[in-house]
Amino acid sequence: MASMAQAIRMALHVGETKLGVTDIFGEDVGAPLGGVFTATQGLKNAWNSPLDERGIIAAAIGLGLAGDRCVAEIQFCDYIFNTIDLLKMAGNTLWASNGQYNMPIVVMTPVGAGIRGSIYHSHSFDALATRLPGWKIVCPSTPLDAYGLMLSAIEDPNPVLYLKPKALMRVRGEELIPGEPADEKTLKAMIDAPVQGDRSSWKAKWPELEEYKVRIGEGKITREGDKATIVSYGRTMPLCNRVADMLREEGTAVEVIDLRSLYPYDWQMIKASVSKTGKVLFVNEDTEVTNFGEHLAYRATTELFYELMARPRVLAGKNLPGIGLHPNLEEASVPHLEDIMHEMRELLAEVP
Amino acid sequence: MPVAMAKSKPAVAPKSVTISNKMTLPKELQKNMLDLMIKSRVLEERLIKVYKTGDSFFWIGGPGEEAFGVSLGLLINKGQGIDHDFLHLHYRASPTLVTLGMSMLDAIRLTMNRATDVSTGGRNFCGHYCYPQWNVTPITSPLTVQYGFAIGTALAQRRRRPKGNRAITIVTGGDAASAEGDFASSLIWASRPGNELPMFITIQNNRWGISTSYDSQHGEKHVSDRAKAFNIRTAVINGNDPIECYLGIQSEMDYIRRSGKPVCAEFEVSRLFGHSSADGANRRQEHDPVPAFEKRIIDQKIMTSAQVKELWDKYEEESVRAADQARSEAGPTRESVWENVYVGNENADWRKF
Ligand SMILES: Cc1ncc(C[n+]2csc(CCOP(=O)(O)OP(=O)(O)O)c2C)c(N)n1
Chain G
717 MASMAQAIRM
727 ALHVGETKLG
737 VTDIFGEDVG
747 APLGGVFTAT
757 QGLKNAWNSP
767 LDERGIIAAA
777 IGLGLAGDRC
787 VAEIQFCDYI
797 FNTIDLLKMA
807 GNTLWASNGQ
817 YNMPIVVMTP
827 VGAGIRGSIY
837 HSHSFDALAT
847 RLPGWKIVCP
857 STPLDAYGLM
867 LSAIEDPNPV
877 LYLKPKALMR
887 VRGEELIPGE
897 PADEKTLKAM
907 IDAPVQGDRS
917 SWKAKWPELE
927 EYKVRIGEGK
937 ITREGDKATI
947 VSYGRTMPLC
957 NRVADMLREE
967 GTAVEVIDLR
977 SLYPYDWQMI
987 KASVSKTGKV
997 LFVNEDTEVT
1007 NFGEHLAYRA
1017 TTELFYELMA
1027 RPRVLAGKNL
1037 PGIGLHPNLE
1047 EASVPHLEDI
1057 MHEMRELLAE
1067 VP
Chain S
41 MPVAMAKSKP
51 AVAPKSVTIS
61 NKMTLPKELQ
71 KNMLDLMIKS
81 RVLEERLIKV
91 YKTGDSFFWI
101 GGPGEEAFGV
111 SLGLLINKGQ
121 GIDHDFLHLH
131 YRASPTLVTL
141 GMSMLDAIRL
151 TMNRATDVST
161 GGRNFCGHYC
171 YPQWNVTPIT
181 SPLTVQYGFA
191 IGTALAQRRR
201 RPKGNRAITI
211 VTGGDAASAE
221 GDFASSLIWA
231 SRPGNELPMF
241 ITIQNNRWGI
251 STSYDSQHGE
261 KHVSDRAKAF
271 NIRTAVINGN
281 DPIECYLGIQ
291 SEMDYIRRSG
301 KPVCAEFEVS
311 RLFGHSSADG
321 ANRRQEHDPV
331 PAFEKRIIDQ
341 KIMTSAQVKE
351 LWDKYEEESV
361 RAADQARSEA
371 GPTRESVWEN
381 VYVGNENADW
391 RKF
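Which chain is which? The protein sequence lines are G and S, in order.
With our numbering, letter number 176 in the first sequence gets 892, and the count goes up by one each step, no holes.
With our numbering, letter number 61 in the second sequence gets 101, and the count goes up by one each step, no holes.
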């Protein structure tokens, strides 16, 4: 099975060969490295830009204005903050121009903790991203979704921010991407550049991939249950699934939703689930004050008030200036398995 | 856009203000240029009146930049899409837009934020034009971002040069705003070895920010000197002289189209009504390129003073009619705020997800 990095690479290959992607660019995105997580290795339209995040976002906007299709990368979301005004502009171009210029660009950036990345390789960007009206925001947690969401992002005529959970980039999926060789080693030999030696003449041999899209705005139920609902996305998603599996072994079935898209988000899926279970926990790892989970909890509270059996909860990162490097510090800062389990036990125990 | 009040000392006039007598252009072209410069000036003065009579919240524009703006407008490979020049302008672009064919009515509708405002639908300030039919990309308030956006359209043009595309990307901006990092970005990206971009990077140096003088903040003699470090060809042009502007822009554009490489050119211009309505929009004592050119044309017997006066009168009347018309039109409706957040008016309101 492909890793998320390989899945994104394969989607970008489909993008540049079938969907008209002209530029895949950013810092170290082109040969020989193909991106710090190798997600852009072997792509014909991938190139290295100057180390200038504002230049990268601005160039993407210009390519969008020219009608070309690009996927631009900010190497780590920790370095996207000096582009916020440009991101706001990409989001408001259609609106400010009264519908005259759309902005068909994709910006991808690795997010979140979990790779011992210390203060400046552990930031999250989802809460801030949802404060950029006009953008669509996606965040996959499996390679197959990463593939399907990238194809949808490329095809979307609006700006799409594609958040890649750093900690999941090398995790292999459980489902085959349509067209992907079943054997991991075969795939690796085809599309991974040699780690050692000269890469200058290396070329990827791409499998015959099929178009598979995940509609932006559509969540996925990853575990079914009726006792409570967990809604998450990105790095914390597999942890939520594990918590649900552990609870199931104890005889408690909780429902888990992988939101996949943060904006637009699948309210109908959340609503149906919470109406059924009466209890909900929103999990993400961005800092907790003015957190996206708070918006969802607010909405659940106001719209589903009379169906709730417990107050909606949000489990998010602590409101700290950074994620410290030592594991003790990181674990105290962002949600881990035990934290999610703890919240769930409290939620399940709550009686109205 | 600025709201700070400028406490301005008498503005320092740009150095070169005389119309060169050595250079010349065909008479018909000169007549056309004067016509457009007058039209543009009448429009700007009308926009200021629209502001002062309370029909607009704000005024900003380009009176004093007509010689540059009209010349630029005339030399653009005008049209929509990648085969034509792309324009990334700032808020002093009325002379260029008038030259491209924008009506006075359009500019006034924008200034009065009417629903009929084609550029922004009543959403943005005066002077924030957007005309896809001429590749005039949306003018926005944050300074200097357009220098970054220009990289992208120039990249798109560059890749089509092997197929004969000779379109270029043009970017304008002020001297004070060149201190923003995006200006440096444009120089770096435009001059990557082997990947040079067909970009006309220009600065309109009126020697002022809002109230901050160029001399108090800039050690470099000319903003364009900074491009020399990137091996980018540079030029300093008297932006008050329409003939020097025209010939200068023509020759720099020729070079960019031929070579595919960038030029950084600085135009020394006047700022005739201060920064914007925020500092009063009152007439200042600076060299005025319009009467100077008018005098030359009359002196050289290209037009009579009666013919020139006719132009002023004709445009004055047009501007009054356009203002009356725009004043009678409705503003955008409240419901329209949700329009055009996403393409095809796909729902963007979370209440309806
Ligand atoms: C990023 C940003 N900072 C500040 C402002 C406020 N502002 C608008 S115009 C201006 C002065 C710009 O001066 P200059 O670049 O010389 O151009 P000019 O207006 O003189 O033509 C300022 C400070 C802004 N619009 N954008």
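Glycine included, every Cβ here is placed at the ideal spot set by N, Cα and C.
The structure displayed is predicted, hence computed values, not measured ones.
In the structure shown, A883/G adopts helical secondary structure according to DSSP, grouped into three states.
Relative to ligand 1, W99/S has its C-beta separated by 6 Å or more from all heavy atoms. K79/S is a Cβ neighbour of Y355/S, given a cutoff of 7 Å. Taking C-beta atoms under 8 Å as the contact rule, S868/G and I932/G qualify, at a distance of about 5 Å. If you check each beta-carbon in the segment 901 to 921 of chain G against every beta-carbon of chain S, none falls closer than 7 Å. Here G371/S is near G162/S, since their CB atoms are less than 7 Å apart. Judged by DSSP secondary structure, Q70/S falls outside any beta strand (DSSP E) and instead within the alpha helix (DSSP H) spanning K67 to K92. Chain-order list of chain S residues neighbouring I777/G: F189 and G192, by C-beta distance under 7 Å. In the same chain as F753/G, and ignoring 5 residues on each side of it, the C-beta atoms closer than 7 Å to its own belong to A721, P826 and M885, in chain order. A107/S places its beta carbon less than 7 Å from that of P329/S. Neighbours of D784/G across chain S, judged by C-beta separation under 7 Å: A196. No heavy atom of ligand 1 is found nearer than 6 Å to the CB of D157/S.
Excluding sequence positions up to five before and after S977/G, its CB lies within less than 6 Å of the CB of V854, I932 and G933, all in the same chain and listed in chain order. Annotated as distal: I907/G and G935/G, with beta-carbon spacing of 7 Å or more. Unbroken alpha helix (DSSP H) stretches of 4 residues or longer found wholly inside the segment 136 to 208 of chain S: 144 to 151 and 185 to 198, given in chain order. In this structure, E308/S sits away from M144/S, with a CB-CB distance that is not shorter than 7 Å.
G815/G belongs to the set of residues whose beta carbon lies under 7 Å from a beta carbon in chain S.
Of all residues in the segment 800 to 812 of chain G, the ones placed with a Cβ closer than 9 Å to any Cβ belonging to chain S are D801, L802, K804, M805, G807, N808, T809, L810, W811 and A812, in chain order. Residues of the segment 162 to 184 of chain S with a Cβ closer than 7 Å to any Cβ of chain G, in chain order: R163, N164, C170, P172, T177, P178, T180 and P182. W248/S has S253/S as its beta-bridge partners, per DSSP. When C-beta atoms of the segment 946 to 962 of chain G are compared with those of the segment 889 to 903 of chain G, fewer than three pairs fall below 8 Å, so the two segments do not count as touching. Here the alpha carbon of N153/S sits roughly 12 Å from the alpha carbon of W99/S. Judged by DSSP in its simplified three-state form, P826/G adopts strand. Cβ proximity to chain S below 9 Å picks out Y979, P980, Y981, D982, W983 and Q984 from the segment 968 to 993 of chain G. The C-alpha of Y981/G is placed about 17 Å away from the C-alpha of N385/S. Taking 7 Å as the cut-off, the beta carbon of L1064/G is found no closer than this to the beta carbon of A969/G.
In the pairwise beta carbon analysis, the segment 770 to 789 of chain G is classified as touching the segment 188 to 196 of chain S: at least three pairs are separated by under 8 Å. Taking 6 Å as the cut-off, the C-beta of N246/S counts as close to a heavy atom of ligand 1. Distances from the alpha-carbon of S1049/G to those of E1001/G, I1056/G, K760/G and K995/G put E1001/G closest. Between I228/S and chain G, the shortest Cβ-Cβ separation is below 7 Å.
Counting only Cβ-Cβ distances below 8 Å, G731/G has no contacts in chain S at all, with the closest Cβ about 17 Å away. Taking 7 Å as the Cβ-Cβ cut-off, the segment 860 to 885 of chain G approaches chain S at P873 and N874, given in chain order. Within the same chain, Cβ atoms closer than 7 Å to the Cβ of P954/G are found at S857, the five residues on either side in sequence being excluded.
Cβ-Cβ distances below 6 Å link S834/G to L1041 in the same chain, with the five nearest sequence neighbours on each side left out; the list follows chain order. If you check each beta-carbon in the segment 88 to 107 of chain S against every beta-carbon of chain G, none falls closer than 7 Å. Contact note: E236/S does not reach chain G at a C-beta cutoff of 8 Å; the least C-beta distance is about 13 Å.
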